[in-house]
Amino acid sequence: MKTLTVSVVTPDGPVLENAYEMVSAKAENGELGILPGHIPLVAPLTISAVRLKGEGNTDHIAVSGGFLEVRPDKVTILAQSAEMPDEIDVERARKAKERAERRLQSQKDDVDFKRAESALRRAINRINVAGANK
Amino acid sequence: MASLRDIKGRITSTKKTKQITSAMEMVSASKMNKAEQNARSFVPYMEKIQEVVASIATGNLDVDHPMLKSREVKKTGYFVFTSDRGLAGAYNSNILRTVYNTINKRHKSSDEYTIIVIGKVGREFFKNRNMPVSKEIVGLNDQPDFADIKDLANETVNLYANEEIDELYMYYNHYESAISQVVTEKKLLPLTDLNEGNSKATSSYEYEPNQEEILQVLLPQYAESLIYGAILDGKASEHAARMTAMKNATDNANDIIDDLSLKYNRARQAAITQEISEIVGGAAALE
């Protein structure tokens, strides 16, 4: 089976570099599946989980603020944050989720709803990814 | 001539100071190594995002995005990176002097510019001079994560996007080596030098959904990562500057201790000589 090299890079350093058979990610307008030999492509990603399918196992990575650059034999994911399931602090994510929910419900004018909403999405995404491999 | 006890006291206190400065030197050295490492692990991200941005921006000439276009300048933003603590030699004063002079040269009234400052030293400097500070961060980590500065970077870029400022300059100390840091001015926004240093042919991409929307997402991220890069660079410089300053302080303390020891021994010898001559004199008087 042909493989493509996937590297995940964040401002805090590279997170992962490995060979996989397929990458599926959620772009702004829908799910994308990338197989080896794909034409060069650039697409922004939503706050979501990226699934990397390798031989017999699938890795999940929680990304936020990222985009995907595809070359025929290489996929690079650039994200402002990217975490593997075992790196995620579930407790912290849960707290962040509660905090964001409280802020969204408070209905005060001084609350930045957009920010609270994306904080909530990031937290939910982290919790989901942390639970996916168990 | 100072008494033996005075000199001894000064030697002890200088030795204690030396202990502190040499400890601080070592702490800064290890922090500098860490900061250098952080700056290095950021490079792959920066290179990649630069490559993609450049390939989109050069790929077709009709891309249109407010961040790429210069507009009439009504208000200028200055992003100044200083440290929270002193004892870093000329680190802060160099940068503040440069910014202060530039602003005085370029602007006549304080309505024409605004300052975004990181670090207590810078904040106090601008506050004392009644210069407008629109955003500030103090108490930044020694090894900042991207998450720590994301909000600030985001708000700064938004200032430009909302047309509150029409151009943005960054001032920070660029880390050249452990002994040399250079004050650097960088024009961050609008992004004009995208093609710089990128002469190699970039591959043409398919864009999903389209170039405009990717630029919408990508350019703010690019600007934010430039800010983060400057902060990492500045942090490495700060630790390097502090290390050098503390090394000088330790060396000076050594000199002072040597000097004082010499004086102490001389005084001691003089005292002994005097005592002997007193005894000899006393014995001679008895004969």
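Keeping their order, the protein sequence lines are chains H and S. For the first sequence, position 107 (counting from the first letter as 1) is numbered 107 according to our numbering, and the numbering increases by one without interruption. For the second sequence, position 32 (counting from the first letter as 1) is numbered 1032 according to our numbering, and the numbering increases by one without interruption. Here a beta-carbon is modelled for each residue, glycine too, at the ideal position from N, C-alpha and C.
- request: Please classify S:Ala1249: is it buried, with 16 or more other beta-carbons within 10 angstroms of its beta-carbon, or exposed?
  value: Counting from one through the second sequence, the residue named residue 1249 of chain S turns up at place 249. So S:Ala1249 ends up on the buried side.
field: Bounding residues of the beta strand (DSSP E) (the contiguous stretch that carries H:Glu31)
entry: The residue labelled residue 31 of chain H in the question sits at position 31 within the first sequence. Per DSSP, H:Glu31 belongs to the beta strand (DSSP E) from 30-34.
query: Between S:Tyr1264 and the ligand MG, is the CB less than 7 angstroms from at least one heavy atom?
result: Only the bare structure without any ligand can be found here, which leaves the ligand MG out of the picture.
field: Straight-line Cα distance separating S:Leu1004 from S:Arg1266
entry: Counted from its first residue, the second sequence places residue 1266 of chain S at position 266. Counted from its first residue, the second sequence places residue 1004 of chain S at position 4. For S:Arg1266 and S:Leu1004, the distance between alpha carbons rounds to 10 angstroms.
task: Determine, using beta carbons only, whether S:Glu1167 and S:Val1073 come nearer to each other than 8 angstroms.
output: One-based indexing of the second sequence puts residue 1167 of chain S at position 167. One-based indexing of the second sequence puts residue 1073 of chain S at position 73. In contact: S:Glu1167 and S:Val1073 (Cβ atoms closer than 8 angstroms).
message: Suppose you measure from the CA of S:Val1133 to the CA of S:Thr1114; what does that come to, to the nearest Å?
response: Locating residue 1133 of chain S in the second sequence gives position 133, counting from the first residue. Locating residue 1114 of chain S in the second sequence gives position 114, counting from the first residue. Distance between the alpha carbons of S:Val1133 and S:Thr1114 is about 6 angstroms.
query: Taking Cβ-Cβ distances shorter than 9 angstroms, what residues in chain S pair up with H:Ser118?
result: Start at 1 with the first residue of the first sequence, and residue 118 of chain H comes out as number 118. Simply none; closest approach about 11 angstroms.
query: S:Asp1142 CB to nearest chain H CB: under 8 angstroms?
result: On the second sequence, residue 1142 of chain S is found 142 positions in, with the first residue counted as 1. Cβ-Cβ to chain H under 8 angstroms: no for S:Asp1142.
query: Buried or exposed: S:Ser1013, going by 16 or more other Cβ atoms within 10 Å of its Cβ?
result: In the second sequence, residue 1013 of chain S corresponds to position 13, counting from 1. Result: exposed.
- request: Assign S:Asn1173 to buried or exposed, taking buried as 16 or more other Cβ atoms, counted over all protein chains shown, within 10 Å of its Cβ.
  value: As a working mapping, residue 1173 of chain S is identified with position 173 in the second sequence. Looking at its Cβ environment, which holds 16 or more other Cβ atoms inside 10 Å, S:Asn1173 is buried.
CB contact below 8 angstroms: S:Gln1221 versus chain A: Among the protein chains in the structure shown, which are H and S, there is no chain A.
task: Kindly indicate if chain H contains any beta-carbon less than 8 angstroms away from that of S:Asp1084.
output: For the purposes of this step, residue 1084 of chain S is taken as the residue at position 84 of the second sequence. No, S:Asp1084 lies away from the interface with chain H (no Cβ there is under 8 angstroms from its Cβ).
- request: For the segment 1059-1104 of chain S, list the beta strand (DSSP E) runs that are entirely contained and at least 3 residues long, ordered along the chain.
  value: 1076-1081
query: If the cut is a Cβ gap below 9 angstroms, which residues of chain H does S:Pro1066 touch?
result: On the second sequence, position 66 is the one that residue 1066 of chain S refers to. In chain order: nothing, as chain H lies at least about 18 angstroms away.
task: Taking only beta-carbon positions, decide if H:Pro40 is within less than 8 angstroms of chain S.
output: Position 40 of the first sequence holds residue 40 of chain H. Yes - at least one Cβ of chain S is within 8 angstroms of the one on H:Pro40.
field: Boundaries (first-last residue) of the alpha helix (DSSP H) holding S:Asn1248
entry: In the second sequence, the residue the question calls residue 1248 of chain S occupies position 248. First-last of the alpha helix (DSSP H) with S:Asn1248: 1211-1286.
Outcome for H:Glu87 when other beta-carbon atoms lying within 10 angstroms are tallied against a minimum of 16: For the purposes of this step, residue 87 of chain H is taken as residue 87 along the first sequence, with counting starting at 1. So H:Glu87 ends up on the exposed side.
task: Please compile the residues from chain H whose C-beta is within a distance smaller than 7 angstroms of the C-beta of S:Val1052.
output: Indexing the second sequence from 1 puts residue 1052 of chain S at position 52. Correct list: Val42, Glu69.
query: Assuming S:Ala1245 and S:Ala1147 make a contact with CB atoms under 8 angstroms, what is their CB distance in whole Å?
result: The residue given as residue 1245 of chain S occupies position 245 in the second sequence. The residue given as residue 1147 of chain S occupies position 147 in the second sequence. Actually they are not in contact, since the Cβ atoms of S:Ala1245 and S:Ala1147 sit about 30 angstroms apart, beyond 8 angstroms.
- prompt: Taking contact to mean at least 3 C-beta pairs separated by less than 8 angstroms, is the segment 1025-1035 of chain S in contact with the segment 1230-1239 of chain S?
  reply: yes
query: Applying a beta-carbon distance threshold of less than 9 angstroms, which residues of chain H neighbour S:Ile964?
result: Here chain S comprises residues numbered 1001 to 1287, so residue 964 of chain S is not present and cannot be evaluated.
- request: Within 10 angstroms of the Cβ of S:Gln1019, are there 16 or more other Cβ atoms? Answer buried if so, exposed if not.
  value: Taking the first residue of the second sequence as 1, we reach residue 1019 of chain S at position 19. When all chains shown are included, S:Gln1019 counts as exposed.
message: With the cut-off set at 8 angstroms, would you say S:Ile1103 and S:Tyr1078 are in Cβ contact?
response: Counting from one through the second sequence, the residue named residue 1103 of chain S turns up at place 103. Counting from one through the second sequence, the residue named residue 1078 of chain S turns up at place 78. Result yes, Cβ atoms of S:Ile1103 and S:Tyr1078 sit closer than 8 angstroms.
- prompt: How is H:Pro14 classed by DSSP in three states: helix, strand or coil?
  reply: Taking the first sequence and counting its residues from 1, the one referred to as residue 14 of chain H is at position 14. Correct three-state label for H:Pro14: strand.
task: Determine which residues share a DSSP beta bridge with S:Thr1184 and list them.
output: Residue mapping note: residue 1184 of chain S aligns to position 184 of the second sequence, counting from 1. Beta-bridge pairing links S:Thr1184 to S:Tyr1172.
message: For the segment 1217-1243 of chain S, list every residue whose C-beta sits within 7 angstroms of some C-beta in chain H, in sequence order.
response: Val1217, Leu1218, Gln1221, Ser1225, Tyr1228
query: At a CB-CB cut-off below 7 angstroms, which residues of chain S make contact with H:Pro11?
result: As a first step, residue 11 of chain H is located in the first sequence; it is residue number 11 there, counting from the start. Residues of chain S passing the Cβ test: Phe1042, Tyr1045, Phe1146, Ser1225, Tyr1228.
task: Could you check the C-alpha separation between H:Glu101 and H:Ser118 for me, to the nearest Å?
output: If you number the first sequence from 1, residue 101 of chain H lands on position 101. If you number the first sequence from 1, residue 118 of chain H lands on position 118. The alpha-carbon atoms of H:Glu101 and H:Ser118 are separated by roughly 11 angstroms.
field: Proximal residues of chain H, C-beta to C-beta of S:Lys1150 below 7 angstroms
entry: Indexing the second sequence from 1 puts residue 1150 of chain S at position 150. What S:Lys1150 touches in chain H: Gln80.
message: Using the Cβ count rule (16 or more neighbours within 10 Å means buried), how would you classify S:Arg1071?
response: Taking the first residue of the second sequence as position 1, residue 1071 of chain S is located at position 71. Classification of S:Arg1071: exposed, given that the 10 Å Cβ count is below 16.
Start and end residues, beta strand (DSSP E) containing S:Thr1156: Counting from one through the second sequence, the residue named residue 1156 of chain S turns up at place 156. Looking at the DSSP string, S:Thr1156 is not in any beta strand (DSSP E); the run it does join, the alpha helix (DSSP H), is 1146-1161.
Chain-order list of residues whose beta-carbon lies under 7 angstroms from that of H:Arg164 (same chain, five-residue window excluded): Since the first and last residues shown for chain H are 1 and 134, residue 164 of chain H lies out of range.
task: Apply the 10 Å Cβ neighbour rule to H:Ala123 and answer buried if 16 or more other Cβ atoms are within range, or exposed otherwise.
output: Position 123 of the first sequence, counting from 1, holds the residue named residue 123 of chain H. H:Ala123 is buried by the Cβ-count criterion.
query: Based on the DSSP output, what are the partners of H:Ser48 in its beta bridges?
result: Along the first sequence, read from residue 1 onward, the residue named residue 48 of chain H stands at position 48. Answer is H:Val63, bridged to H:Ser48.
task: Measure the C-alpha to C-alpha separation of S:Ile1007 and S:Lys1186 and round it to an integer number of angstroms.
output: Here the question's residue 1007 of chain S lines up with position 7 in the second sequence. Here the question's residue 1186 of chain S lines up with position 186 in the second sequence. Each residue's Cα considered, the two are about 51 angstroms apart.
message: So that I know if they touch, is there some Cβ in chain H lying closer than 8 angstroms to that of S:Tyr1160?
response: Reading the second sequence from its first residue, position 160 is the one you call residue 1160 of chain S. With 8 angstroms as the cut-off, S:Tyr1160 does not count as an interface residue toward chain H.
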